[in-house]
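Undergrad:
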Amino acid sequence: MTTRKALSVAHKASEAIGARPAQGRRGRILRRAGLAVSLGMTAMLVSGCSIDNVWLRFGWPSGITPQATKMRELWTWSVLAALAMGVLVWGLTFWTIAFHRKKADSPEFPRQTGYNVPLELSYTAIPFVIIAVLFYFTVVVQNYVHEKVGNPDVTVDVTAYQWNWKFGYQHVDMAVDGQANRFVLDGVDHERQDVNTETQERYKEATKNGHPQPGPNNGLPANDISYLHYDKIETVGTSNEVPVLVLPSGRNIEFQLAAADVIHSFWVPEFLFKRDVMPNPKQNNSDNVFQITKIEKEGAFVGRCAEMCGTFHSMMNFEIRVVSPAKFQQYMDFRTKNPLAGNGEALASIGESPVATSTKPFNTDRKARGNELADAK
464 MTTRKALSVA HKASEAIGAR PAQGRRGRIL RRAGLAVSLG MTAMLVSGCS IDNVWLRFGW
524 PSGITPQATK MRELWTWSVL AALAMGVLVW GLTFWTIAFH RKKADSPEFP RQTGYNVPLE
584 LSYTAIPFVI IAVLFYFTVV VQNYVHEKVG NPDVTVDVTA YQWNWKFGYQ HVDMAVDGQA
644 NRFVLDGVDH ERQDVNTETQ ERYKEATKNG HPQPGPNNGL PANDISYLHY DKIETVGTSN
704 EVPVLVLPSG RNIEFQLAAA DVIHSFWVPE FLFKRDVMPN PKQNNSDNVF QITKIEKEGA
764 FVGRCAEMCG TFHSMMNFEI RVVSPAKFQQ YMDFRTKNPL AGNGEALASI GESPVATSTK
824 PFNTDRKARG NELADAK
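Residues 464 to 840 (our numbering) are what the sequence shown spells out, left to right.
This is the structure in structure tokens:
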């Protein structure tokens, strides 16, 4: 019996001794693989390669504003972090399955690591740290995107209505060629705007038995539009013409949004940003103002309504046409001196296409479309 036990112990010892080289080899292979992956990721990060490429944008547009760049970079690094964590988790999962499974020729179970308190505390705490880091950078970028300066170079009134857009230049005060040459414009149409002010004052005075009129809009009529802004230079879209909003490059621009009927949404994909356009923004507790530091690229960029707003919602397209500050001044001068001229004529006067180039009008004639479909059958 003693001899049998001794033989058994010797056999197990020889198996353990023989297993050590194999375990050592596996450990060296895993360490080398981890080192290779770490070196590869480090090389990618320090090689100076820009993360602004089609592969690392993961489906997002490049963006044409500093705010868009910050959001795109946050998106890229978040996806890379998620992919790294995914590779780590799936790698550990398959490593466990491959090297810690029960061997067919061994009656013993693999060594168990349950109730390893330090390990369990680590993989419980690490996700919270990752979420906290992601939350921190998200808040930093969000605050930067929502930041407003006191004196924007251009202030644009955006009015959405079923199913098109009206753009007006409320105020312009910007440098054209250095601070010495400034272009200043008070674009508010005070005559029409004063009518709105009088209407608001009349609503405030309207009482019944000495009390303000009840209602969901602080006593205002349901169809109240006295909150809308009116400007001397406006571009209004039609079924046959996509409205083109002309803006200068390299200048701070403020957008003030309001809807004349239902909720819409102002979205320029290349801004990587959109905001709901509410009727009566103040009463609906809506922040209807946002700014962009500058537009870094000239050209034509499509804009859309991103809120389902009725039958022709899909046709609520517009275009942002970005030109140099000098061309923008020429455009504004032409529209100021020729108030009856259309937006297309003003665009042509500065050598730009008089119609939208990034999108086109839709055929809103349902009867005509029905006849076309009938003929096709």
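For every residue, glycine included, the Cβ atom is placed at its ideal position computed from N, Cα and C.
Assess contact between the stretch 601-612 and the stretch 530-539, defined as three or more Cβ pairs (one per stretch) separated by less than 8 Å. Is contact present?
TA: yes
Undergrad: Quick check on the DSSP output: what are the complete beta strand (DSSP E) runs of length 3 or more inside the stretch 760-833, in order along the chain?
TA: Fully enclosed beta strand (DSSP E) runs of 3 or longer: 762-768 and 780-786.
Undergrad: Pair every Cβ in the stretch 723-731 with every Cβ in the stretch 642-651, then say whether three or more of these pairs are closer than 8 Å.
TA: no
Undergrad: How close, in whole Å, do the beta carbons of D616 and N743 come, if the pair is a contact with beta carbons under 8 Å?
TA: On the sequence shown, position 153 is the one that residue 616 refers to. On the sequence shown, position 280 is the one that residue 743 refers to. At roughly 28 Å, the Cβ-Cβ gap does not stay under 8 Å, so D616 and N743 are not in contact.
Undergrad: For K737, I'd like the list of residues in its chain whose CB is within less than 8 Å of its CB, leaving aside the five on either flank, ordered along the chain.
TA: Position 274 of the sequence shown, counted from the start, is the residue given in the question as residue 737. Contacts found: S728, F729, W730, V731 and A769.
Undergrad: Going by C-alpha distance, which of F521, G526 and L551 is nearest T539?
TA: Mapped onto the sequence shown, residue 539 falls at position 76. Answer by Cα proximity: F521.
Undergrad: Going by beta carbon distance, what residues of the same chain come within less than 7 Å of T822, once the five residues before and after it are set aside?
TA: As a position in the sequence shown, residue 822 is number 359, starting the count at 1. Spatial neighbours of T822 in its own chain (CB-CB distance under 7 Å, excluding positions within 5 residues in sequence) are listed in chain order as V705, V765, N780 and E782.
Undergrad: Tell me the DSSP secondary structure of E478 in three-state form.
TA: For the purposes of this step, residue 478 is identified with residue 15 of the sequence shown, where counting begins at 1. Because the pLDDT of E478 is 47, which lies under 50, any placement of that residue in the model is unreliable, and the question is left without a value.
Undergrad: Within its chain, find whatever has a CB closer than 8 Å to the CB of A804; leave out the 5 residues flanking it on each side and keep chain order.
TA: Indexing the sequence shown from 1 puts residue 804 at position 341. These residues qualify, in order along the chain: F797 and R798.
Undergrad: Can you check which of these residues, Q754, A789, A809 and L720, is closest to G613 by C-alpha distance?
TA: Translated into positions along the sequence shown, residue 613 becomes position 150. Nearest option by C-alpha distance: Q754.
Undergrad: Identify whether V731 lies in helix, strand or coil by the three-state DSSP scheme.
TA: Here residue 731 refers to the residue found at position 268 when the sequence shown is read from its first residue. DSSP places V731 in strand when its eight states are reduced to three.
Undergrad: Taking the CB atoms as reference points, tell me whether M778 and W626 lie closer together than 7 Å.
TA: For this step, residue 778 is matched to residue 315 along the sequence shown. For this step, residue 626 is matched to residue 163 along the sequence shown. Going by C-beta atoms, M778 is nearer than 7 Å to W626.
Undergrad: Just to check my reading of the structure: I758 and V740 have Cβ atoms closer than 8 Å, yes? What is that Cβ distance to the nearest angstrom?
TA: On the sequence shown, residue 758 is found 295 positions in, with the first residue counted as 1. On the sequence shown, residue 740 is found 277 positions in, with the first residue counted as 1. Contact between I758 and V740 is absent: CB atoms are separated by about 20 Å, not below the 8 Å threshold.
Undergrad: With H, G and I counted as helix, E and B as strand and the rest as coil, what does DSSP make of Q746?
TA: Along the sequence shown, read from residue 1 onward, the residue named residue 746 stands at position 283. Three-state DSSP puts Q746 in coil, outside helix and strand.
Undergrad: Would you report the Cα separation of P590 and K790, rounded to the nearest angstrom?
TA: For the purposes of this step, residue 590 is taken as the residue at position 127 of the sequence shown. For the purposes of this step, residue 790 is taken as the residue at position 327 of the sequence shown. The alpha-carbon atoms of P590 and K790 are separated by roughly 52 Å.
Undergrad: Closer than 8 Å by C-beta to E761: which residues in its own chain qualify, once you throw out the five before and the five after it? Chain order, please.
TA: Here residue 761 refers to the residue found at position 298 when the sequence shown is read from its first residue. Answer for E761: S712, V785, V786 and S787, listed in chain order.
Undergrad: List the endpoints of the continuous beta strand (DSSP E) containing H609.
TA: The residue labelled residue 609 in the question sits at position 146 within the sequence shown. It is not in any beta strand (DSSP E) - H609 instead sits in the alpha helix (DSSP H) that spans V580 to H609.
Undergrad: Three-state secondary structure (DSSP) at E661?
TA: Counted from its first residue, the sequence shown places residue 661 at position 198. In the structure shown, E661 sits in a helix (DSSP, three-state: H, G or I).
Undergrad: Out of D640, S816 and L735, state which residue places its alpha-carbon closest to the alpha-carbon of P524.
TA: Counting from one through the sequence shown, the residue named residue 524 turns up at place 61. Residue L735 is the option with its Cα nearest to P524.
Undergrad: For the candidate residues V725, P817 and Y794, whose alpha-carbon lies nearest to that of V639?
TA: On the sequence shown, residue 639 is found 176 positions in, with the first residue counted as 1. In terms of Cα proximity to V639, the closest of V725, P817 and Y794 is Y794.
Undergrad: When the Cα atoms are used, what is the spatial distance from P824 to E610?
TA: Here residue 824 refers to the residue found at position 361 when the sequence shown is read from its first residue. Here residue 610 refers to the residue found at position 147 when the sequence shown is read from its first residue. Cα atoms of P824 and E610: separation of roughly 34 Å, rounded to the nearest angstrom.
Undergrad: In whole angstroms, what is the alpha-carbon distance linking T698 and A819?
TA: Here the question's residue 698 lines up with position 235 in the sequence shown. Here the question's residue 819 lines up with position 356 in the sequence shown. Spanning the two alpha carbons is a distance of roughly 13 Å.
Undergrad: Distance, Cα to Cα, F557 vs V752?
TA: On the sequence shown, position 94 is the one that residue 557 refers to. On the sequence shown, position 289 is the one that residue 752 refers to. Whole-angstrom Cα-Cα distance: 51 Å.
Undergrad: Please report the Cβ distance between V621 and L519, rounded to the nearest whole angstrom; I am assuming they are in contact, meaning their Cβ atoms lie under 8 Å.
TA: Stepping through the sequence shown from its first residue, residue 621 is reached at position 158. Stepping through the sequence shown from its first residue, residue 519 is reached at position 56. At roughly 32 Å, the Cβ-Cβ gap does not stay under 8 Å, so V621 and L519 are not in contact.
Undergrad: With H, G and I counted as helix, E and B as strand and the rest as coil, what does DSSP make of P529?
TA: Working through the sequence shown from its first residue, we reach residue 529 at position 66. DSSP places P529 in helix when its eight states are reduced to three.
Undergrad: Identify whether R738 lies in helix, strand or coil by the three-state DSSP scheme.
TA: Looking up residue 738 in the sequence shown gives position 275. Strand.
Undergrad: If you draw a straight line from the alpha carbon of S689 to that of V596, how long is it in whole angstroms?
TA: Here residue 689 refers to the residue found at position 226 of the sequence shown. Here residue 596 refers to the residue found at position 133 of the sequence shown. For S689 and V596, the distance between alpha carbons rounds to 45 Å.
Undergrad: Taking only the alpha-carbon atoms, compute the straight-line gap between R564 and L582 and give it to the nearest angstrom.
TA: Against the sequence shown, residue 564 aligns to sequence position 101. Against the sequence shown, residue 582 aligns to sequence position 119. The alpha-carbon atoms of R564 and L582 are separated by roughly 20 Å.
Undergrad: Excluding sequence positions up to five away, which residues of its chain have a Cβ less than 8 Å from the Cβ of R645?
TA: Taking the first residue of the sequence shown as 1, we reach residue 645 at position 182. Counting only Cβ-Cβ distances below 8 Å, and skipping sequence neighbours, we find D636, M637, A638 and V639.
Undergrad: Assuming Y599 and V619 are in contact, meaning their beta carbons sit under 8 Å apart, how far apart are those beta carbons, in whole angstroms?
TA: Position 136 of the sequence shown, counted from the first residue, corresponds to residue 599. Position 156 of the sequence shown, counted from the first residue, corresponds to residue 619. Here Y599 is actually not in contact with V619; their C-beta atoms are around 33 Å apart, not less than 8 Å.
Undergrad: Would G700 be called buried (16 or more neighbouring beta carbons within 10 Å of its own) or exposed?
TA: Taking the first residue of the sequence shown as position 1, residue 700 is located at position 237. So G700 counts as buried.
Undergrad: If contacts are defined as beta-carbon pairs under 8 Å, then L691 and F630 qualify, I think. What distance do you get, rounded to the angstrom?
TA: Residue mapping note: residue 691 aligns to position 228 of the sequence shown, counting from 1. Residue mapping note: residue 630 aligns to position 167 of the sequence shown, counting from 1. L691 to F630, Cβ: 13 Å. No contact.
Undergrad: Could you check whether Q656 and Y842 sit closer than 7 Å to each other, using their CB atoms as the reference points?
TA: The displayed coordinates of the chain run from 464 to 840. Any statement about residue 842 would go beyond what the structure contains.
Undergrad: Between which two residues does the beta strand (DSSP E) containing A722 stretch?
TA: The residue given as residue 722 occupies position 259 in the sequence shown. From DSSP, the beta strand (DSSP E) with A722 extends over I716 to A722.
Undergrad: Measuring CA to CA, which of R574, V517, D687 and N516 is closest to V725?
TA: Here the question's residue 725 lines up with position 262 in the sequence shown. Checked all of R574, V517, D687 and N516; the closest Cα to V725 is D687.
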